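Just below is one structure, and these are the notes that go with it.
Protein chains: 2
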Amino acid sequence: MKKTNPSFLNGVPELLVLRLLSRREMYGYQIVDEIRTQTRETLSFGEGCVYPYLHYLEAQKQVSSQRREVDGRNRNYYKLTTRGGKRLEELTSEWKRVTAGVALLMEGQHA
Amino acid sequence: MKKTNPSFLNGVPELLVLRLLSRREMYGYQIVDEIRTQTRETLSFGEGCVYPYLHYLEAQKQVSSQRREVDGRNRNYYKLTTRGGKRLEELTSEWKRVTAGVALLMEGQHA
DNA sequence: TTGACATACATCATAGTTATAGGTATTATC
DNA sequence: GATAATACCTATAACTATGATGTATGTCAA
Chain A
1 MKKTNPSFLN GVPELLVLRL LSRREMYGYQ IVDEIRTQTR ETLSFGEGCV YPYLHYLEAQ
61 KQVSSQRREV DGRNRNYYKL TTRGGKRLEE LTSEWKRVTA GVALLMEGQH A
Chain B
112 MKKTNPSFLN GVPELLVLRL LSRREMYGYQ IVDEIRTQTR ETLSFGEGCV YPYLHYLEAQ
172 KQVSSQRREV DGRNRNYYKL TTRGGKRLEE LTSEWKRVTA GVALLMEGQH A
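Here it is as structure tokens:
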């Protein structure tokens, strides 16, 4: 199941997950929740989207995980690797490029 | 083959096609070209993406078409209907909402 | 103490979208 | 008269996100 570079009309979940993990380590359930709250309910990716992404990112060595018990809960904490940081930079600039392109066409004057 | 509202991580081609047709009527091949040039090569949707969309939009009565010969060429000119105009407004505000959501999470300070 | 709800993980089937590759036909250009 | 550009079209493959479902544990109120 090979993945090509996202066109970034998709690929937003990967971007947001990497961005969240660039701030501090987090566990899956928390990521699902924070995507929803930090975007003020604008975006909401379900667990069925986020968990497979985390597994994929770990297989790519963009994140590493550590199982830990906190508050009587077993959680898989993920943190960004150096490679993941580079990937985040790539995806961020790609996202900016695409939104800028859309803006050009949407706002462009003439015909 | 019903289509739901795009999450707008997809749906960009529909948005751009409607936007172009909101300015003036155009034909398919021209739309393919102008998406590429007006976004300064940032975005490029092939004919295999644009033509099916035009057919879909016509089936939805969001655009209407008229075959015409111009410069010795047979072209299908498309123009926006009232319904298409409303749809464009919807998709535009949805796109803004989503990009604003991404920006919130990406730029948000704290953790 | 039990039932409901939230937390936390996981996977699968399906639906929907875009990309790729191919196909036809006409007109311009060299 | 060959090649490239214009102009249309379709089918298939690849990918993503959703929604359903499943497990297990912890919390809290009745």
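Protein chains in written order, with this note's numbering: chain A, 1 to 111; chain B, 112 to 222. Even glycine gets a Cβ: it sits at the ideal position worked out from N, Cα and C. Treat the numbers as computed from the prediction; the structure is a model and nothing was measured.
Pairwise C-alpha distance: residue j and residue i
{"i": "residue 148(B)", "j": "residue 68(A)", "result": "52 Å"}
{"i": "residue 82(A)", "j": "residue 62(A)", "result": "7 Å"}
{"i": "residue 90(A)", "j": "residue 157(B)", "result": "24 Å"}
{"i": "residue 139(B)", "j": "residue 197(B)", "result": "21 Å"}
{"i": "residue 169(B)", "j": "residue 176(B)", "result": "7 Å"}
{"i": "residue 48(A)", "j": "residue 79(A)", "result": "20 Å"}
{"i": "residue 71(A)", "j": "residue 24(A)", "result": "18 Å"}
{"i": "residue 94(A)", "j": "residue 218(B)", "result": "16 Å"}
{"i": "residue 56(A)", "j": "residue 74(A)", "result": "21 Å"}
{"i": "residue 195(B)", "j": "residue 84(A)", "result": "42 Å"}
{"i": "residue 137(B)", "j": "residue 40(A)", "result": "38 Å"}
Neighbourhood of residue i by C-beta, 7 Å cutoff - its chain only, sequence neighbours within 5 removed
{"i": "residue 60(A)", "result": "none"}
{"i": "residue 52(A)", "result": "none"}
CB contact flag (residue i, residue j, <8 Å)
{"i": "residue 19(A)", "j": "residue 216(B)", "result": "yes"}
{"i": "residue 213(B)", "j": "residue 165(B)", "result": "no"}
{"i": "residue 187(B)", "j": "residue 10(A)", "result": "no"}
{"i": "residue 203(B)", "j": "residue 126(B)", "result": "yes"}
{"i": "residue 100(A)", "j": "residue 210(B)", "result": "no"}
Neighbour list for residue i in chain B, Cβ cutoff strictly below 7 Å
{"i": "residue 38(A)", "result": "215, 216 and 219"}
{"i": "residue 97(A)", "result": "153"}
{"i": "residue 19(A)", "result": "216 and 217"}
Sequence-distant residues of the same chain with beta carbon closer than 8 Å to residue i, five excluded per side
{"i": "residue 161(B)", "result": "124, 128, 139, 142, 143 and 146"}
{"i": "residue 199(B)", "result": "126, 129, 130, 133 and 191"}
Proximal chain B residues relative to residue i, where beta-carbon distance stays under 8 Å
{"i": "residue 72(A)", "result": "Those do not exist, as residue 72(A) stays about 22 Å from chain B at its closest Cβ, beyond 8 Å."}
Close-in-space but distant-in-sequence residues of the same chain around residue i (CB under 6 Å, 5 per side omitted)
{"i": "residue 44(A)", "result": "36"}
Partners in chain A for residue i, counting only beta-carbon separations shorter than 8 Å
{"i": "residue 212(B)", "result": "39, 40, 42 and 43"}
{"i": "residue 168(B)", "result": "Those within 8 Å of residue 168(B) in chain A number zero; the least Cβ separation is about 17 Å."}
Chain A contact residues for residue i, given Cβ-Cβ distances below 9 Å
{"i": "residue 174(B)", "result": "Near residue 174(B) there are no residues of chain A at all, since even the closest Cβ is about 16 Å away, more than 9 Å."}
Beta-carbon neighbours of residue i, restricted to chain B and to distances below 9 Å
{"i": "residue 31(A)", "result": "The premise fails here: residue 31(A) is roughly 11 Å from chain B at the closest Cβ pair, so nothing lies under 9 Å."}
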